[in-house]
Each structure stands twice: as structure tokens, then as C-alpha cells.
Amino acid sequence: MPEHLIRLRGGWELLDADDANSTPSPLTLPTAWAPHPAPRRLRLVRKFGAPAADRVRLALEAVEGLRAITLNGVPLAFDATSADRLVVDLPPLGDRNVLTLDVDLAGPSTVPSPLWGRIALAIAE
8 MPEHLIRLRG GWELLDADDA NSTPSPLTLP TAWAPHPAPR RLRLVRKFGA
58 PAADRVRLAL EAVEGLRAIT LNGVPLAFDA TSADRLVVDL PPLGDRNVLT
108 LDVDLAGPST VPSPLWGRIA LAIAE
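Those letters in the sequence shown? Residues 8 to 132, per my numbering, in order.
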């Protein structure tokens, strides 16, 4: 069955998950993570409205290091062994929703990463 994709590129907030005083900085996906001298834990937060659809899934590609997905504070199950392409069924959405991704970046790294994070809402047509 064909799907219509609503890409979630802009509108992300990036937080350092290891720093309780971290202030959000804007992020557009996909992105190349900057070099870092040690492993890092990041939290990405994206707010969005509910599309007019009965069935919505979350499609994620190039998300190596993804450790957790939460929607409106509820953890979502996914297969962490497949970072190339994940599809996660979403529960019914509210008028306003908050998607949170927790990411662990291996380290250290001396070069930018390959592009990370092609993320979309997939709506069955």
C-alpha cells in the first residue's frame, strides 16, 4: 500500500542528555554530527500536530545509535538492531504531539559523521 510521507526535517530541538542545564538548540535533520572527543548522549525533541489520518507510522532511516523513542511521554517499542530503516506504528495521536529521540553517539570521533536522521510520518493512502 502506498504511503504519503510528511518529513520531519526542521523544528527539532537538540539537548545534551548528560547536562541537566543543557539549553535546547535548533536542529534540522538530516545532520552530520560534529567530531567529539568522547561518547555523547543526545536528546532530540520535535513537536507536531496530528495529520488527518487514521493510521500513522513513524519512518526512520540512518539513525545509528538510536536508543529510545517516546511519543507524548510514552515509550515506543522498536527493533534497535536495524538502524538503516525502522518503521514504528504510532498510537492514536493528539492534536499536539511531542516526539523524543534519545541517541548515543559512539566516540571518540575526529571527523563529522555521515548524515544522520531521515525521519517522517508515514500515512497510508
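The C-beta atom is built at its ideal place from N, Cα and C for all residues, glycine as well.
{"query": "Cα-Cα separation, L128 to V95", "result": "10 Å"}
{"query": "I13 versus D102 - alpha carbon distance", "result": "16 Å"}
{"query": "Residue interval of the beta strand (DSSP E) (run including P119)", "result": "Per DSSP, P119 belongs to no beta strand (DSSP E) and is neither H nor E."}
{"query": "Residue from P37, L21, T38, G56 whose Cα sits closest to the Cα of T30", "result": "L21"}
{"query": "Outcome for G124 when other beta-carbon atoms lying within 10 angstroms are tallied against a minimum of 16", "result": "buried"}
{"query": "Complete beta strand (DSSP E) runs within the stretch 23 to 61 (minimum length 3 residues, chain order)", "result": "32 to 34, 47 to 56"}
{"query": "Buried/exposed call for R133, threshold 16 Cβ in 10 Å", "result": "No information on residue 133 is available, as it lies outside the stretch 8 to 132 that the chain covers here."}
{"query": "Residue span of the beta strand (DSSP E) that contains E132, given as start and end", "result": "No beta strand (DSSP E) holds E132; DSSP gives it neither H nor E."}
{"query": "Which of helix, strand or coil DSSP assigns to L100", "result": "coil"}
{"query": "Beta-carbon gap between L67 and L93 smaller than 8 Å", "result": "yes"}
{"query": "Range covered by the beta strand (DSSP E) that runs through L12", "result": "10 to 14"}
{"query": "Whether G72 touches V105 by CB criterion (8 Å)", "result": "no"}
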